[in-house]
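Reading through the structure tokens given below for one structure.
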Amino acid sequence: MKEIFLLKLGEIVLKGANKRQFENRLRQNVRHRMKPYGDFDVYIMQSTVYVEPMNESADVDGAWEACRSIFGVVSLCRCRPCEKNLDAIYRTIEEYLGDDLDCAGSFKVESKRSDKAFPMTSIAISQEIGGRIADARPNLTVDVHHPAYTVYVEIRDLSAYVHGPAEPGAGGLPTGVGGRAMVLLSGGIDSPVASYMMAKRGLEIEAVHFFSYPYTSQLAKDKVIALARLVTRYCGRMTVNVVSFTEIQEAIRDNCPEEFFTLVMRRFMMDIAQRLARQDGCGALITGENLGQVASQTMEAMTVTGALVDIPIFMPLVGMDKKDIVDIARKIGTLDTSILPYEDCCTVFTPKHPKTKPTLGQVLNAEKKLDREALIDRAMEQIERIRVAYHDESGF
């Protein structure tokens with residue numbers, strides 16, 4: 040029989056009456072993620088997602104890589120199904136795992152009997168199959184505590200399944216079960232990590248990026264689109280709303296005290312992001328802010344920049360060390376792109392001595408010469424919407 044994948048559910052198994060809702064969303068997500076790799080049957084039984092290639096043309100290795108980054112899955116394994124009898128199970132182990140056993144110095148067998156109609160207990164299955172393996176391989180030692188290799192046998196409703204050690208899954212909750220949120224996506228290290236972390240908690244992600252041509256280059260914009268595409272490996276497709284921000288930044292430069300440049304700029308960003316969020320059905324904003332990292336990320340500064348927003352602002356990185364953020368960026372594959380030397384609009388007109396402990400009254404006074412609504416209206420009229428997917432190299 041052909042190889043299939045078993046994706047084990049994580050937190051979903053703890054849900055109560057709405058567990059089916061989480062399972063259905065996960066199955067939908069897996070089906071969508073399998074589409075680029077061919078025809079796969081995806082179904083859920085006994086808190087496990089089964090992913091089964093339906094023909095020889097399916098890209099099994101590509102599908103496997105995709106499954107490793109699907110939120111809601113705590114562990115996964117490639118396995119071989121067989122008939123539910125000891126002879127078939129042992130024969131499948133020899134055919135499917137024989138090479139791995141030949142390379143191991145010691146082994147054990149772990150069995151799980153989900154089908155209680157099967158006449159043997161889990162322990163009895165392990166003993167019988169382990170004895171047959173030991174008899175066939177006298178140089179292989181049985182070690183039930185610290186084996187070099189573990190053979191797993193699962194007796195389930197439809198078949199028996201044989202596999203080696205499982206791999207960790209992406210964890211979290213299925214994308215979309217928590218609603219939608221709009222991330223302020225820059226070209227730096229932090230905001231892609233923030234996107235990943237909130238997607239892991241079940242949010243569907245949309246993005247807004249502020250682009251200040253000619254102060255920032257086309258390469259800087261391309262870098263952000265590349266980062267968004269990398270994040271979609273985990274969260275699925277997203278739309279990046281590219282906002283022309285040049286006029287607003289020039290107006291701030293010409294009409295506001297220098298020490299407030301960054302704060303006023305951030306307030307415009309939050310205002311525009313919230314308006315886009317409402318248009319796109321997003322119930323929250325996501326930022327990559329980290330307390331004390333830069334002058335605009337003091338407690339007082341974040342209070343002022345968030346004062347315009349009346350939907351939740353999620354800041355998953357706010358209390359993390361930079362090293363930990365970098366480690367996550369490296370893990371999810373965004374770090375190398377984030378550190379490319381193409382600056383974003385946050386570095387345009389940076390004040391020499393930024394205000395670190397502003398009050399709302401001070402900032403309102405600093406921006407009083409600006410026609411906020413007119414500036415925002417013109418920026419909203421020029422938004423470019425770019426649809427991005429991980430398997431789509433163009434991003435359009």
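Quick note, in this note's numbering, the sequence shown goes up one by one and the last residue is 435.
Backbone N, C-alpha and C define an ideal beta-carbon position, used for all residues, glycine too.
Every value quoted in this text rests on a predicted model; they were computed, and no experiment measured them.
Does the distance from the C-beta atom of residue i to that of residue j stay below 8 Å?
{"i": "Lys356", "j": "Ile350", "result": "The sequence given here has Leu at residue 356, not Lys. No."}
{"i": "Pro213", "j": "Phe110", "result": "yes"}
{"i": "Ile299", "j": "Val402", "result": "Here residue 299 is Phe; the residue named in the question, Ile, does not match the sequence. Closer than 8 Å, so yes."}
{"i": "Ala199", "j": "Glu134", "result": "no"}
{"i": "Leu136", "j": "Gly210", "result": "no"}
{"i": "Ala368", "j": "Val232", "result": "yes"}
{"i": "Val81", "j": "Val99", "result": "no"}
{"i": "Ser251", "j": "Val387", "result": "yes"}
{"i": "Thr278", "j": "Tyr254", "result": "no"}
{"i": "Ile128", "j": "Phe146", "result": "no"}
{"i": "Leu315", "j": "Lys394", "result": "no"}
{"i": "Ile51", "j": "Lys58", "result": "yes"}
{"i": "Ser153", "j": "Ser165", "result": "no"}
{"i": "Leu414", "j": "Ile325", "result": "no"}
{"i": "Ala418", "j": "Val222", "result": "no"}
{"i": "Gly358", "j": "Met309", "result": "no"}
{"i": "Leu125", "j": "Glu167", "result": "yes"}
{"i": "Val112", "j": "Leu179", "result": "no"}
{"i": "Met237", "j": "Ile228", "result": "no"}
{"i": "Tyr188", "j": "Leu140", "result": "yes"}
{"i": "Ser108", "j": "Arg272", "result": "yes"}
{"i": "Cys118", "j": "Val201", "result": "yes"}
Under the rule that 16 or more other beta-carbon atoms within 10 Å means buried, what is residue i, buried or exposed?
{"i": "Gln313", "result": "buried"}
{"i": "Thr87", "result": "buried"}
{"i": "Leu53", "result": "exposed"}
{"i": "Ser96", "result": "exposed"}
{"i": "Glu48", "result": "Per the sequence shown, residue 48 should be read as Leu rather than Glu. That one is buried."}
{"i": "Tyr191", "result": "buried"}
{"i": "Thr376", "result": "buried"}
{"i": "Ala267", "result": "buried"}
{"i": "Gly331", "result": "exposed"}
{"i": "Cys321", "result": "buried"}
{"i": "Leu197", "result": "exposed"}
{"i": "Leu258", "result": "exposed"}
{"i": "Asn280", "result": "buried"}
{"i": "Lys74", "result": "exposed"}
{"i": "Ser433", "result": "For Ser433, the pLDDT reaches just 38, beneath the cut-off of 50, and the residue's location in the model is therefore unreliable, although a value from the coordinates is still provided. By the 10 Å Cβ count, Ser433 comes out exposed."}
{"i": "Gly55", "result": "exposed"}
{"i": "Cys274", "result": "buried"}
{"i": "Glu62", "result": "buried"}
{"i": "Arg317", "result": "exposed"}
When DSSP labels each residue in this structure, what does residue i get in the three-state scheme?
{"i": "Lys362", "result": "helix"}
{"i": "Ser251", "result": "coil"}
{"i": "Arg240", "result": "strand"}
{"i": "His430", "result": "coil"}
{"i": "Tyr381", "result": "coil"}
{"i": "Phe435", "result": "Low local confidence applies: a pLDDT of 24 at Phe435 is under 50, so the model's placement there is unreliable, with the coordinate-based value given in what follows. Here Phe435 sits in coil by DSSP."}
{"i": "Thr278", "result": "strand"}
{"i": "Arg424", "result": "strand"}
{"i": "Glu245", "result": "strand"}
{"i": "Phe299", "result": "helix"}
{"i": "Phe307", "result": "helix"}
{"i": "Leu53", "result": "helix"}
{"i": "Ile350", "result": "coil"}
{"i": "Ile109", "result": "coil"}
{"i": "Ala418", "result": "helix"}
{"i": "Leu324", "result": "strand"}
{"i": "Lys391", "result": "coil"}
{"i": "Lys396", "result": "coil"}
{"i": "Asp375", "result": "helix"}
{"i": "Lys408", "result": "coil"}
{"i": "Ser335", "result": "helix"}
{"i": "Leu330", "result": "coil"}
Specify, as a first and last residue, the run of the alpha helix (DSSP H) that residue i falls within.
{"i": "Thr271", "result": "Gln257 to Cys274"}
{"i": "Leu115", "result": "No alpha helix (DSSP H) contains Leu115, which is instead part of the beta strand (DSSP E) from Val112 to Cys121."}
{"i": "Leu403", "result": "Leu399 to Ala405"}
{"i": "Gln67", "result": "Lys58 to Met73"}
{"i": "Asn294", "result": "Thr285 to Asn294"}
{"i": "Glu104", "result": "Val99 to Cys106"}
{"i": "Thr344", "result": "Met338 to Thr344"}
Following the continuous beta strand (DSSP E) through residue i, name the residue where it begins and the one where it ends.
{"i": "Gln90", "result": "Note that residue 90 is Val in the sequence shown here, rather than Gln. Segment Thr87 to Pro92, the beta strand (DSSP E) holding Val90."}
{"i": "Leu48", "result": "Ile43 to Leu48"}
{"i": "Ile83", "result": "Phe79 to Met84"}
TODO: Enumerate, from N- to C-terminal direction, the unbroken alpha helix (DSSP H) stretches of 4 or more residues contained entirely within the stretch 120-161.
DONE: 125-141
Taking only runs of the alpha helix (DSSP H) that begin and end inside the stretch 157-237, which ones reach a length of at least 4 residues, in chain order? 161-175
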